[in-house]
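Each residue of the sequence shown is one higher than the one before, starting from 1 at the first, in UniProt numbering.
Glycine included, each C-beta is placed from N, C-alpha and C at the ideal position.
Just so it is clear, the structure is predicted and the values come from calculations on it, not from any experiment.
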Amino acid sequence: MNKEGLINKRRQFIKTIGLGTGALLANRGLAFSSGSGRTVRLGFVGVGARGISMLKIALSLEGVEVAAICDILEDRVSRAQDFVEAAGQPRPQGYSRGPEDYKRLVEQSNLDAVYTATPWHLHAPVMLAAMKAGKYGGTEMPACSGIDEAWELVETSEKTGMPCMLMENYCYMQNVQMILNMAHQDVFGDLSHCEVGYQHDTRYVSINAKGELLWRAEDKLAHNGNRYPTHAIGPAAQWLDINRGDRFEYLVSMSSRQVGMNHYAKRISGPDHPNARLDFQLGDVNTTLIKTNKGITVTLYYDCQTPRPVDFIWRIQGTKGIYSGTLNKIHLEDRSRPHQWEETSAYVQEYDHPNWKKEGELAKSHGHGGSDYFCMLDFVQAVRNRTEVPIDVYDAATWSVITALTESSVNHKSQAVDFPDFTRGKWKSRIPHPIKTI
Ligand SMILES: NC(=O)c1ccc[n+]([C@@H]2O[C@H](COP(=O)([O-])OP(=O)(O)OC[C@H]3O[C@@H](n4cnc5c(N)ncnc54)[C@H](O)[C@@H]3O)[C@@H](O)[C@H]2O)c1
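And the structure:
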């Protein structure tokens, strides 16, 4: 296909995925702000629901090519290849020769980075293979299944010099980033507490409408504790400069009994169906308390097994005031009326994150309120500029290992469990990321 044909295809593709002309122009402008020049070539491993949606974002970015696709399901590989071609790019190499075919993908010589959106237990193996092959890694969450695997990620990244990013899109949500900006400007004063939670009815991704058990159900059958901590803890860890001036020292964790998944299975398949009597290990609501080295406490919830509206809580408080994500309200001692909440909108003009001011409208045309867009863009820019990734391997390990630490605490009557210091003391001298414009 000639160049004109490719450009037309790309235009058509961007139209198909819902970016209007304004967004397209803004997107083109981005090429200048995002370190123009070098094309970044990505390989995708796992192109189910999440993989495809991040692939569409990658294809919408200037100077990004998707050059390899891997999935155990052949039809998913060809669907993703079709998307890439429809975007005006050459058909990427496909890999679907079994569960370890990602090992061939990471060796593809023209790739700069490998992104994975597979089931959880495969994230670390794919990232380890990618780093060993000299590629940047970007992984969906959690990055690892246990403490040993977390150390392996850290040590492999240090040894190979290849960064590994936890693609924690929730850190890029508009209110999360605005609070980060405010915390950096000391608006809340000396911080003492955060309360966060992944509280989202996601039962349907464990048991589908036909009553079939999906891979997430297998995990719930085998494990207790907080199985998906990073959407909630990631934002709090950034607000608190964890691994950059402070660190998580220990946690205690407790899970409620399990009744939710059996109830759900009964609703879908009837009371006599064997799923209604499955012995799920995962309690319906997990509550964890974390203490940092500075003495700050964080309450962390995991609550996805019963019907409920979404609420990530996202509370932060200190000597000068408090923000509540549940209410989306703020109280600051020197600005608000005593004991009264204020609408957060009153602070957006002053404190909105510069990226949201610059690219917010474009971002919102993508998933998770626009956070997916900023997350992929931040990753791609680090790869292009050969810099450290914004959510690095130490953060990936620290946030992800909460799955294993909470399970251990829950199984031992909520006994305190120490966090490994994956930075080996470097947290004392590492400095927080500045608030920067993409
Ligand atoms: N950041 C977010 O907001 C967000 C949202 C949804 C899912 N996720 C994460 O993304 C990941 C994928 O979730 P999903 O909902 O897309 O699941 P999914 O089941 O829809 O997709 C997983 C894909 O991985 C493929 N796969 C399985 N084993 C493989 C192997 N050995 N090699 C290559 N491919 C393999 C499957 O065939 C499937 O296409 C999970 O880690 C999930 O937690 C993140």
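Whole runs of the beta strand (DSSP E) within the segment 118-197, excluding any shorter than 3 residues: 136-139, 164-166
Is there contact between the segment 68-85 and the segment 40-52, where contact requires at least three CB pairs shorter than 8 Å? yes
Do you know whose CA, among Gly211, His339, Leu278, Ala68, lies nearest proline 95's CA? Correcting the residue identity first, residue 95 is tyrosine in this sequence and not proline. Measuring from the Cα of tyrosine 95, the nearest candidate turns out to be Ala68.
Select from Pro119, His121, Gly88, Ala129 the residue whose C-alpha is nearest the C-alpha of glycine 43. Ala129
Pop quiz: isoleucine 391 and glutamate 158 are said to be a contact at Cβ under 8 Å. What is the actual Cβ separation, rounded to whole angstroms? About 16 Å; that fails the 8 Å criterion.
Here's the rule: buried if 16 or more other CB atoms are within 10 angstroms of the residue's CB, otherwise exposed. What is leucine 122? By the neighbour-count rule (16 or more Cβ atoms within 10 Å), leucine 122 is buried.
What distance in whole Å lies between the Cβ atoms of valine 389 and phenylalanine 374, which are believed to be in contact at a cut-off of 8 Å? Their Cβ separation, rounded to whole angstroms, is 13 Å, which puts phenylalanine 374 and valine 389 out of contact at 8 Å.
Please go through the same chain and pick out, in chain order, the residues whose beta-carbon is closer than 7 Å to the beta-carbon of proline 92, but skip the five residues on each side of it. Val66, Ala67, Ala68, Ile69, Gln81, Val84
Just to check my reading of the structure: glycine 225 and threonine 398 have Cβ atoms closer than 8 Å, yes? What is that Cβ distance to the nearest angstrom? Between threonine 398 and glycine 225 the Cβ distance is about 16 Å, and since that is not below 8 Å, they are no contact.
Return the chain-ordered list of same chain residues with a C-beta closer than 6 Å to the C-beta of proline 354, the five sequence neighbours on each side being excluded. The residues are Thr437.
Contained beta strand (DSSP E) runs [length at least 3] in the segment 361-432, N- to C-terminal order: none
Expressed to the nearest angstrom, what Euclidean distance is found between the alpha-carbon atoms of asparagine 275 and leucine 221? 11 Å
Which of the three DSSP states is assigned to asparagine 243 in this structure? coil
Please classify alanine 143 as buried or exposed, where buried requires at least 16 neighbouring CB atoms within 10 angstroms. In summary, alanine 143 is buried, with 16 or more beta-carbon neighbours lying within 10 Å of its beta-carbon over all protein chains present.
CB of threonine 292 within 8 Å of CB of glutamate 249, strictly: yes
Please state if the CB of phenylalanine 188 and the CB of glutamine 340 are separated by a distance shorter than 8 Å. no
Does the Cβ of threonine 406 lie closer than 7 Å to at least one heavy atom of ligand 1? no
Just to confirm, does arginine 76 get its C-beta within under 7 Å of one of the non-hydrogen atoms of ligand 1? Distances between the C-beta of arginine 76 and the heavy atoms of ligand 1 include at least one below 7 Å.
Under 6 Å Cβ to Cβ from lysine 9, same chain only, skipping five residues before and after it: list those, please. Residue placement at lysine 9 is poorly supported in this model, since its pLDDT is 44, which falls under 50; the coordinates are not used for a value here.
Using a Cβ-based criterion (distance less than 7 Å to any ligand heavy atom), does tyrosine 198 qualify as near ligand 1? no
Please classify valine 348: does DSSP put it in a helix, a strand, or coil? Three-state DSSP puts valine 348 in a helix.
Straight-line Cα distance separating leucine 405 from histidine 412: 11 Å
Cα-Cα separation between threonine 297 and threonine 423, rounded to whole angstroms: 20 Å
According to DSSP, is aspartate 82 part of a helix, a strand, or is it coil? helix
With DSSP collapsed to three states, give me the class of glycine 98. coil
Among the residues of its own chain, which have a CB less than 6 Å from the CB of cysteine 304, if the five just before and after it don't count? The beta carbon of cysteine 304 sits closer than 6 Å to the beta carbons of His200, Thr202 from its chain, once the five residues preceding and following it are set aside; these are given in chain order.
Is it buried or exposed for aspartate 279, if we count other Cβ within 10 angstroms and need 16 for buried? It is exposed - the Cβ of aspartate 279 has fewer than 16 other Cβ atoms within 10 Å.
Quick one: is aspartate 418 buried, meaning 16 or more other Cβ sit within 10 Å of its Cβ, or exposed? exposed
If threonine 139 and methionine 127 are in contact, beta carbons under 8 Å, what's the gap, nearest whole angstrom? 5 Å
DSSP state of serine 255, grouped into three classes? strand
Inter-residue CB distance, glycine 137 and methionine 165 (contact presumed, cutoff 8 Å): Contact holds; Cβ gap of about 7 Å.
beta-carbon tryptophan 120 near ligand 1 non-hydrogen atom, thresh 7 Å: yes
Span of the alpha helix (DSSP H) around tyrosine 264: 260-269
I need the straight-line Cα distance from alanine 183 to isoleucine 207, nearest angstrom please. 40 Å
Stretch pair the segment 211-221 + the segment 148-162: three plus CB contacts closer than 8 Å: no
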